[in-house]
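Undergrad:
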């Protein structure tokens with residue numbers, strides 16, 4: 003992948019599809035050449051139409067950024083991917099895959115033949131054990147997504163999941179950080195908690211996100227459609243400080259709901275920190291980064307600073323990147339903290355030296371890749387055949403000329 007010079011990174015979120023085009027720069031650098039986003043239907047009741055929504059949205063993004071073809075890489079939303087950190091006895095390298103297959107069969111909640119799964123052995127943290135990360139996703143859902151991406155005109159090369167891409171983006175942009183960093187990525191349907199501490203990593207996905215606020219508010223405002231409340235939340239929601247009662251009516255109720263949902267997130271963060279320190283032998287976080295669309299709510303930084311008593315700031319996945327003059331820099335600046343997945347994908351594709359490299363294999367994608375590679379081999383075979391026929395023709399022509407000359411003597 004590192005030989006690639008340009009890539010389209012597609013973050014296939016549950017509520018927003020984002021496309022970013024990157025170019026390789028000297029010294030393992032990245033240049034952001036363009037970004038575009040397209041909304042998907044926020045109502046979970048419309049999930050059955052998601053492949054069709056993705057096809058239309060990605061087609062619009064491809065047209066907007068004038069993408070004419072080349073390598074495309076994908077990030078899947080985390081709630082559709084099963085992740086498990088496991089430990090196995092230290093064994094010979096050739097036996098690791100077999101042991102992790104057994105772990106996958108025991109831990110993945112679906113028959114192994116119905117999923118696409120992969121693993122990566124992690125840096126050693128215990129002298130007699132190997133740590134590994136196992137990822138798996140249902141094959142039918144993966145194939146439907148790949149089909150939508152291909153139908154939109156993209157030649158997909160590899161598939162990551164959101165936490166993997168975010169972790170790579172964090173390590174790429176902030177290699178100098180010491181101590182434990184906690185990245186809180188608040189998406190539409192899920193929140194990813196990513197712990198990074200030297201070579202040690204851990205992540206957990208919480209089944210709560212920005213849409214949880216919308217769903218809770220919909221119960222209070224019976225009869226109003228999900229999309230209408232989502233729009234209201236986008237324009238009016240904030241996380242009010244304790245004791246704040248400036249707003250009245252629906253806006254005040256929305257603020258209370260938002261604070262309640264984010265308090266649930268905080269409670270799960272506290273449990274996850276305890277798990278990380280106890281089961282993963284990690285340290286307490288010393289800093290927090292916020293990412294994702296859900297972190298855009300006003301007073302998010304103040305809320306988590308109050309709850310966690312730690313320095314909190316927005317994650318800047320463009321920290322080490324250059325931005326091309328043609329890119330809409332003002333628009334990018336407004337939602338830079340939501341571009342982590344795209345940057346992580348680009349780092350994997352263009353830089354290549356990323357700490358996590360876990361590709362979820364798709365049979366449909368592999369078939370397409372073989373078909374793309376077939377024409378050069380066919381052309382080479384035709385040229386070889388033509389050369390052989392040409393050589394045979396010259397040989398027989400020389401032989402015939404020789405016989406003619408002999409007959410004339």
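Residue numbers (this note's numbering): 3 to 411.
Note that CB positions come from ideal geometry on N, CA and C, so glycine has one too.
Keep in mind the model is a prediction, meaning the values are calculated, not measured.
Evaluate the contact criterion for the segment 256-274 versus the segment 296-316: three or more CB pairs, one atom per stretch, below 8 Å.
TA: The answer is yes - the segment 296-316 touches the segment 256-274, with three or more Cβ pairs under 8 Å.
Undergrad: Report buried or exposed for residue 280, applying the criterion of at least 16 other Cβ atoms within 10 angstroms of its Cβ.
TA: In the chain shown, the residue the question calls residue 280 occupies position 278. That one is exposed.
Undergrad: Hey, is the segment 162-172 in contact with the segment 337-347, meaning 3+ C-beta pairs nearer than 8 Å?
TA: The answer is yes - the segment 337-347 touches the segment 162-172, with three or more Cβ pairs under 8 Å.
Undergrad: Between residue 151 and residue 44, what straight-line distance do the alpha-carbon atoms span, to the nearest angstrom?
TA: If you number the chain shown from 1, residue 151 lands on position 149. If you number the chain shown from 1, residue 44 lands on position 42. Roughly 20 Å between the two C-alpha positions.
Undergrad: Quick one: grab the DSSP three-state call for residue 328.
TA: If you number the chain shown from 1, residue 328 lands on position 326. Reduced to three states, the DSSP call for residue 328 is coil.
Undergrad: Check the C-beta distance from residue 172 over to residue 196 and give it rounded, since I have them as a contact under 8 Å.
TA: The sequence position of residue 172 within the chain shown is 170, counting from 1. The sequence position of residue 196 within the chain shown is 194, counting from 1. Confirmed, about 7 Å.
Undergrad: Would you call the segment 114-128 and the segment 354-372 touching, i.e. three or more CB-CB distances under 8 Å?
TA: Yes, they touch.
Undergrad: Tell me which same chain residues have a C-beta within less than 6 Å of the C-beta of residue 16, skipping the five on either side of it?
TA: Counting from one through the chain shown, the residue named residue 16 turns up at place 14. Same-chain partners within the cutoff: 79, 190, 191.
Undergrad: By the DSSP assignment, the alpha helix (DSSP H) with residue 50 in it spans what residues?
TA: By one-based count along the chain shown, residue 50 stands at place 48. First-last for residue 50: undefined, no H or E at that position.
Undergrad: Whose C-beta lies closer than 7 Å to the C-beta of residue 92 among residues of the same chain, with five residues either side of it excluded?
TA: The residue labelled residue 92 in the question sits at position 90 within the chain shown. These residues qualify, in order along the chain: 130, 131, 132.
Undergrad: With DSSP as the reference, identify every bridge partner of residue 287, one or two as the case may be.
TA: Here residue 287 refers to the residue found at position 285 when the chain shown is read from its first residue. DSSP, once it has assigned bridges, lists 182 as partnering residue 287.
Undergrad: Could you pull out every residue in the same chain whose Cβ sits closer than 6 Å to the Cβ of residue 30, ignoring the five residues on either side in sequence?
TA: As a first step, residue 30 must be located in the chain shown, where it is residue number 28. 353.
Undergrad: Is the beta carbon of residue 321 closer than 9 Å to that of residue 175?
TA: Here residue 175 is taken as the residue at index 173 of the chain shown, counted from 1. Here residue 321 is taken as the residue at index 319 of the chain shown, counted from 1. Yes, the Cβ-Cβ distance between residue 175 and residue 321 is below 9 Å.
Undergrad: When the Cα atoms are used, what is the spatial distance from residue 276 to residue 283?
TA: Translated into positions along the chain shown, residue 276 becomes position 274. Translated into positions along the chain shown, residue 283 becomes position 281. Cα-Cα distance, rounded: 10 Å.
Undergrad: Would you call the segment 101-113 in contact with the segment 321-333, where contact means no fewer than 3 C-beta pairs closer than 8 Å?
TA: Short answer: they don't touch.
Undergrad: For residue 415, which residues does DSSP report across the bridge?
TA: No answer is possible for residue 415: the residues shown for the chain start at 3 and end at 411.
Undergrad: At a cut of 8 Å, does the segment 214-221 reach the segment 136-145 through at least three beta carbon pairs?
TA: Counting Cβ pairs under 8 Å, fewer than three are found: no touch.
Undergrad: Using the Cβ count rule (16 or more neighbours within 10 Å means buried), how would you classify residue 114?
TA: The residue given as residue 114 occupies position 112 in the chain shown. Burial call: exposed.
Undergrad: For a quick check, are the C-beta atoms of residue 76 and residue 154 less than 9 Å apart?
TA: Within the chain shown, the letter at position 74 stands for residue 76. Within the chain shown, the letter at position 152 stands for residue 154. Not in contact: residue 76 and residue 154 (Cβ atoms no closer than 9 Å).
Undergrad: Cutting at 8 Å between CB atoms, please list the residues of its own chain near residue 384, excluding the five before and the five after it.
TA: For the purposes of this step, residue 384 is taken as the residue at position 382 of the chain shown. Note that residue 384 has pLDDT 48, beneath the 50 cutoff, so the model's placement of it is unreliable and the number below is only indicative. If we look at residue 384 and ignore the five residues flanking it on each side, it has no Cβ neighbours.
Undergrad: For a minimum of 4 consecutive residues, which ranges assigned as the alpha helix (DSSP H) are wholly contained in the segment 29-66?
TA: Qualifying alpha helix (DSSP H) stretches, in chain order: 52-66.
Undergrad: Taking 9 Å as the threshold (C-beta atoms), are residue 208 and residue 267 in contact?
TA: Working through the chain shown from its first residue, we reach residue 267 at position 265. Working through the chain shown from its first residue, we reach residue 208 at position 206. In contact: residue 267 and residue 208 (Cβ atoms closer than 9 Å).
Undergrad: If you measure between the beta carbons of residue 186 and residue 294, is that distance less than 9 Å?
TA: Here residue 186 corresponds to residue number 184 of the chain shown, with the count starting at 1. Here residue 294 corresponds to residue number 292 of the chain shown, with the count starting at 1. Yes, these two residues count as a Cβ contact at 9 Å.
Undergrad: Only counting the same chain, and skipping five residues up and downstream in sequence, which positions put a Cβ closer than 6 Å to that of residue 221?
TA: Translated into the one-based positions of the chain shown, residue 221 becomes position 219. Excluding residues within five positions, none has a Cβ falling inside 6 Å.
Undergrad: Under 8 Å Cβ to Cβ from residue 285, same chain only, skipping five residues before and after it: list those, please.
TA: In the chain shown, the residue the question calls residue 285 occupies position 283. Once the five neighbours on either side are set aside, the close Cβ partners of residue 285 are 181, 182, 199, 279.
Undergrad: So residue 73 and residue 39 are in contact, right, with Cβ under 8 Å, and what is the actual spacing, rounded?
TA: For the purposes of this step, residue 73 is taken as residue 71 along the chain shown, with counting starting at 1. For the purposes of this step, residue 39 is taken as residue 37 along the chain shown, with counting starting at 1. Not quite, the Cβ-Cβ distance comes to about 20 Å (not below 8 Å), so this is no contact.
Undergrad: On the DSSP bridge assignment, give the partners of residue 264 in chain order.
TA: Working through the chain shown from its first residue, we reach residue 264 at position 262. Note: residue 264 sits in no beta bridge, so no partner.
Undergrad: Residues bridged to residue 303 by DSSP?
TA: As a first step, residue 303 is located in the chain shown; it is residue number 301 there, counting from the start. Looking at the DSSP assignment, residue 303 forms no beta bridge with any residue, so it has no partner.
Undergrad: When DSSP labels each residue in this structure, what does residue 142 get in the three-state scheme?
TA: Walking along the chain shown from the start, residue 142 turns up at place 140. Correct three-state label for residue 142: helix.
Undergrad: Verify whether the separation of the beta carbon atoms of residue 102 and residue 88 is less than 9 Å.
TA: Within the chain shown, the letter at position 100 stands for residue 102. Within the chain shown, the letter at position 86 stands for residue 88. Yes, the Cβ-Cβ distance between residue 102 and residue 88 is below 9 Å.
Undergrad: Please classify residue 235 as buried or exposed, where buried requires at least 16 neighbouring CB atoms within 10 angstroms.
TA: Here the question's residue 235 lines up with position 233 in the chain shown. Result: buried.
Undergrad: For residue 145, which residues in the same chain have their Cβ closer than 8 Å to its Cβ, ignoring the five residues on either side in sequence?
TA: Within the chain shown, the letter at position 143 stands for residue 145. 364, 365, 366, listed in sequence order.
Undergrad: Under 7 Å Cβ to Cβ from residue 358, same chain only, skipping five residues before and after it: list those, please.
TA: In the chain shown, residue 358 corresponds to position 356, counting from 1. If we look at residue 358 and ignore the five residues flanking it on each side, its Cβ neighbours are 122, 166, 169, 170.
Undergrad: Do residue 63 and residue 334 have their CB atoms nearer than 9 Å?
TA: Translated into the one-based positions of the chain shown, residue 63 becomes position 61. Translated into the one-based positions of the chain shown, residue 334 becomes position 332. Not in contact: residue 63 and residue 334 (Cβ atoms no closer than 9 Å).
Undergrad: Along the chain, where does the alpha helix (DSSP H) that runs through residue 1 open and close?
TA: There is simply no residue 1 to check, as the chain begins at 3 and stops at 411 in what is shown.
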